[in-house]
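Enquirer: Here it is, the structure, as structure tokens.
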Amino acid sequence: MTDVRNYDLFVGGEWVPATAEERDTIRNPATGETLATVAVASKDDVDRALNVAQEAFGTWSRLIATDRADYLYKLIDLIRRDEDRLARIITTENGKPLKEAKVEVNFAIQLIRFAAENARRLEGNIIPGSRPGEKILIEKIPHGVVAGISAWNFPLALTARKLGPALAAGNTFVIKPHELTPLATLALAELSVEAGFPKGVFNVVTGGGATVGNQLVTSPITKLITMTGSTPAGRKIMAAASEGLKEVRLELGGKAPFIVMDDADIEAAATAAVSARFMNCGQVCTANERTYVHEAVYDRFLDLLRKKIADIKVGNPLDPETTMGPKISKAEMEKVDGMVKRAVAQGAKVELGGRELTGGIYDTGNFYAPTLLTNVTNEMDISQDEVFGPVLSLIKVQDFDEALMMANKSRYGLSAYMFTQDLKKVMRMSNELNFGEIYVNREGGEAAQGFHHGYGDSGIGGEDGQYGLEAYVDTKTIYLNY
């Protein structure tokens, strides 16, 4: 039995109690075990955090960029020191295998590192004026207080993805981690104290979206909102933010197509298809949600998928032999099961899985069998709605044109995959595949120096790299006459 810790809110560099006595209980999705209880912030608590962040903004924003970066470098060193502890926190609150949790910790480091390295590359311009003796200066300035709202599938990396650039650019930061997985973010807050962060620069308010999230979004103190989560939640945030004409960055759902052509390296493609679908139990916005395979290689590809999916070891994510853990919650598991049942009712065939796992450890957690569906058509609900679970849907296509057409028939536009050796197809894909992020001849996994963004229902704005960092600054134009 793990010792249960009781967390307060993290405001102004200190742990402060919430005004209400209500608390959220955080449970291990693999065992049902209680991990911690966490304070539930009220509107007044959120306002307190925002006011503290606003008070800290003046001093923080006036630091030279390299001084702000030095605080982030100190935080990186502490994350690296505590890699094992942080990975275990991620695994126990989220359910992903420990080896995947360690990958997430490293990605968090890379995200913060990129922001720190590029803090003094937020460059403005000097352009000729329209009068004699005039220069026009365009400066890059921080927004002020940035509010972050993150999802449960990458509890540490999603906080790091927002924290790094927000602070590097000179903003102060208040984040609401998801109520199912706040512990990694709270652990990061503890490390920020050890790193010597000035009080009020980084604040964490826990609780649900209806109260905490809404107050962060609607407060006049908040200048920029950066959110990762579901498309319905993103719509609500954008609507709430519109009243105050807030700047909003939304990274939302995905329905990534995975295209395999007849000239592809089939073994590599099958391995990548399984990796891109079942990592983190399929709970990834860039996951392979629909697999389009050329009819000439379809049967061979299907055989490889059967073998590779059958080899997935589902179990306790702390066990080093486990390659897939549980769904985050029973409700999420039941949602996935309902989608599979509807697909079968619409004509799909279950080749593997298609059910909740029971017996032994499976009875204590939210375990769903790795599932392979065939006889899937592009019109089925499972081909159009985000599954966010361990279900691979296989669709046969006649040629590249049909694959492109089906792939683009989606309201989402985040990520896509393509396996081919044909340069002409690659060039056509770059022009015709309507997704913001495309992986060619490789599995998924964005880089900290890239730009993670999508079209349509996948959101607005983007994260990571120089383009993502630029979102955390505003511009000021000065007409200088000398």
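When we follow our numbering, the leftmost residue of the sequence shown carries the number 1328, and every step to the right adds one.
All residues carry an ideal CB built from backbone N, CA and C; glycine is no exception.
For THR1802, list the residues DSSP reports as bridge partners.
Expert: The residue labelled residue 1802 in the question sits at position 475 within the sequence shown. As DSSP reads the structure, THR1802 sits in a beta bridge with LYS1467.
Enquirer: Around the C-beta of GLY1665, are 16 or more other C-beta atoms found within 10 angstroms, so that it is buried, or is it exposed?
Expert: As a first step, residue 1665 must be located in the sequence shown, where it is residue number 338. Exposed is the call here.
Enquirer: Leaving out the 5 sequence neighbours to the left and right, which residues in its chain are closer than 6 Å to ASP1749 when beta-carbon positions are compared?
Expert: Within the sequence shown, numbered from 1, the residue matching residue 1749 stands at position 422. Only ASP1590 meet the Cβ criterion.
Enquirer: How about the region 1734-1745 and the region 1572-1581: do they share at least three Cβ pairs that are nearer than 8 Å?
Expert: yes
Enquirer: How long is the line joining the alpha carbons of VAL1703 and SER1710, rounded to whole angstroms?
Expert: Working through the sequence shown from its first residue, we reach residue 1703 at position 376. Working through the sequence shown from its first residue, we reach residue 1710 at position 383. About 8 Å.
Enquirer: Assign ALA1614 to one of two classes, buried (16 or more other C-beta atoms within 10 Å of its C-beta) or exposed (fewer than that).
Expert: Here residue 1614 is taken as the residue at index 287 of the sequence shown, counted from 1. Burial is judged here by how many other beta carbons sit within 10 angstroms of a residue's own beta carbon; ALA1614 has at least 16 and is buried.
Enquirer: For the alpha helix (DSSP H) containing TRP1309, name the first residue and the last one.
Expert: Outside the modelled stretch of the chain, which goes from 1328 to 1809, sits residue 1309, for which no answer is possible.
Enquirer: Consult DSSP for ASN1693 and reduce its assignment to one of helix, strand or coil.
Expert: Start at 1 with the first residue of the sequence shown, and residue 1693 comes out as number 366. In the structure shown, ASN1693 sits in coil (DSSP, three-state: anything other than H, G, I, E or B).
Enquirer: Taking Cβ to Cβ, would you say THR1393 is nearer than 8 Å to SER1369?
Expert: Residue mapping note: residue 1393 aligns to position 66 of the sequence shown, counting from 1. Residue mapping note: residue 1369 aligns to position 42 of the sequence shown, counting from 1. The answer is no: Cβ separation not under 8 Å.
Enquirer: Whole angstroms are fine: how far does the CA of ALA1730 sit from the CA of GLY1763?
Expert: The sequence position of residue 1763 within the sequence shown is 436, counting from 1. The sequence position of residue 1730 within the sequence shown is 403, counting from 1. For GLY1763 and ALA1730, the distance between alpha carbons rounds to 17 Å.
Enquirer: Any chance the region 1448-1464 sits against the region 1524-1533, with 3 or more Cβ pairs inside 8 Å?
Expert: With a cut-off of 8 Å, the region 1524-1533 and the region 1448-1464 do not count as touching, because too few Cβ pairs lie within range.
Enquirer: Going by DSSP, what residue range makes up the alpha helix (DSSP H) through ASN1615?
Expert: Looking up residue 1615 in the sequence shown gives position 288. Looking at the DSSP string, ASN1615 is not in any alpha helix (DSSP H); the run it does join, the beta strand (DSSP E), is 1615-1621.
Enquirer: Could you tell me which uninterrupted beta strand (DSSP E) segments, each at least 3 residues in length, are contained entirely in the region 1724-1752, listed from first to last along the chain?
Expert: 1742-1746
Enquirer: Do the region 1715-1726 and the region 1610-1629 touch if we need at least three Cβ pairs shorter than 8 Å?
Expert: yes
Enquirer: Between which residues of its own chain and GLY1471 is the CB-CB distance below 6 Å, once the five residues before and five after are set aside?
Expert: One-based indexing of the sequence shown puts residue 1471 at position 144. In its chain, beyond the 5 residues on either side, PHE1384, LYS1550 have a beta carbon closer than 6 Å to the beta carbon of GLY1471.
Enquirer: Using 8 Å as the cut-off, can you tell me whether the region 1531-1548 makes contact with the region 1386-1400, which would need three or more C-beta pairs spanning the two stretches below that distance?
Expert: no
Enquirer: Quick check on DSSP: helix, strand or coil for ASN1355?
Expert: Here residue 1355 refers to the residue found at position 28 of the sequence shown. In this structure, DSSP gives ASN1355 a state outside helix and strand, which the three-state scheme calls coil.
Enquirer: With a Cβ-Cβ cutoff of 8 Å, do ILE1548 and LEU1377 count as a contact?
Expert: For the purposes of this step, residue 1548 is identified with residue 221 of the sequence shown, where counting begins at 1. For the purposes of this step, residue 1377 is identified with residue 50 of the sequence shown, where counting begins at 1. Cβ atoms of ILE1548 and LEU1377: closer than 8 Å.
Enquirer: Since I believe ASP1351 is in contact with VAL1367 (beta carbons under 8 Å), could you give me their beta-carbon distance rounded to a whole number of angstroms?
Expert: What you label residue 1367 is simply residue 40 of the sequence shown in a count that begins at 1. What you label residue 1351 is simply residue 24 of the sequence shown in a count that begins at 1. The Cβ separation is near 6 Å, so the contact holds.
Enquirer: Taking the beta strand (DSSP E) that GLU1382 belongs to, which residues open and close that run?
Expert: Working through the sequence shown from its first residue, we reach residue 1382 at position 55. Judged by DSSP secondary structure, GLU1382 falls outside any beta strand (DSSP E) and instead within the alpha helix (DSSP H) spanning 1370-1389.
Enquirer: Taking only the alpha-carbon atoms, compute the straight-line gap between LYS1492 and ARG1627 and give it to the nearest angstrom.
Expert: Residue 1492 sits at position 165 when you count from the first residue of the sequence shown. Residue 1627 sits at position 300 when you count from the first residue of the sequence shown. Lys is not the amino acid found at residue 1492; the sequence shown has Pro there. Distance between the alpha carbons of PRO1492 and ARG1627: 45 Å.
Enquirer: Counting Cβ pairs, one atom from each stretch, are 3 or more of them under 8 Å apart for the region 1417-1425 and the region 1648-1658?
Expert: yes
Enquirer: Threshold first: 4 residues or longer. Then list the alpha helix (DSSP H) segments lying entirely within the region 1550-1620, N to C.
Expert: 1558-1569, 1593-1605
Enquirer: Check whether the region 1790-1804 and the region 1759-1776 touch, using three or more Cβ-Cβ pairs below 8 Å as the test.
Expert: yes
Enquirer: Helix or strand or just coil, what does DSSP make of TYR1782?
Expert: In the sequence shown, the residue the question calls residue 1782 occupies position 455. Correct three-state label for TYR1782: strand.
Enquirer: Can you give me the C-alpha to C-alpha distance between LEU1490 and PHE1441, rounded to a whole angstrom?
Expert: Here residue 1490 is taken as the residue at index 163 of the sequence shown, counted from 1. Here residue 1441 is taken as the residue at index 114 of the sequence shown, counted from 1. Taking the straight line joining both Cα atoms gives about 12 Å.
Enquirer: Assuming PRO1509 contacts ILE1353 (C-beta within less than 8 Å), just tell me the rounded distance between them.
Expert: For the purposes of this step, residue 1509 is taken as the residue at position 182 of the sequence shown. For the purposes of this step, residue 1353 is taken as the residue at position 26 of the sequence shown. PRO1509 to ILE1353, Cβ: 7 Å. Contact.
Enquirer: My guess is that VAL1800 and ALA1568 are in contact by the Cβ rule of under 8 Å, so how many angstroms apart are they, rounded?
Expert: Stepping through the sequence shown from its first residue, residue 1800 is reached at position 473. Stepping through the sequence shown from its first residue, residue 1568 is reached at position 241. That belief does not hold up - the Cβ atoms of VAL1800 and ALA1568 are roughly 19 Å apart, past 8 Å.
Enquirer: May I have the straight-line CA-CA distance separating VAL1473 from SER1388, to the nearest angstrom?
Expert: Taking the first residue of the sequence shown as position 1, residue 1473 is located at position 146. Taking the first residue of the sequence shown as position 1, residue 1388 is located at position 61. Looking at the two C-alpha atoms, the distance is approximately 13 Å.
Enquirer: Are ALA1484 and ALA1414 touching if we call contact CB-CB under 8 Å?
Expert: By one-based count along the sequence shown, residue 1484 stands at place 157. By one-based count along the sequence shown, residue 1414 stands at place 87. Judged by their CB atoms, ALA1484 and ALA1414 are not nearer to each other than the 8 Å cut-off.
Enquirer: Just tell me which of ASN1433, THR1802, VAL1432, LYS1467 has its CA closest to the CA of ARG1448.
Expert: Mapped onto the sequence shown, residue 1448 falls at position 121. Closest by alpha carbon: LYS1467.
Enquirer: Taking LEU1507 as the reference, which of TRP1479, GLU1521, ARG1769, GLU1659 has the closest Cα?
Expert: Counted from its first residue, the sequence shown places residue 1507 at position 180. Comparing Cα-Cα distances from LEU1507 to each of TRP1479, GLU1521, ARG1769, GLU1659, the minimum goes to TRP1479.
Enquirer: What is the DSSP secondary structure of SER1710, reduced to helix, strand or coil?
Expert: By 1-based counting over the sequence shown, the position of residue 1710 is 383. The answer is helix: DSSP assigns SER1710 an H, G or I state.
Enquirer: With distance defined between alpha-carbon atoms, name the residue in LEU1405, THR1538, TRP1342, GLU1427 nearest to PRO1647.
Expert: Residue numbering aside, residue 1647 sits at position 320 when the sequence shown is read from its first letter. Here the closest residue by C-alpha is GLU1427.
Enquirer: Quick check on ALA1474: does DSSP put it in helix, strand or coil?
Expert: Along the sequence shown, one-based indexing puts residue 1474 at 147. When DSSP states are grouped into helix, strand and coil, ALA1474 belongs to the strand group.
Enquirer: According to the Cβ coordinates, are LEU1700 and ALA1734 closer than 8 Å?
Expert: Looking up residue 1700 in the sequence shown gives position 373. Looking up residue 1734 in the sequence shown gives position 407. No. Outside cutoff.
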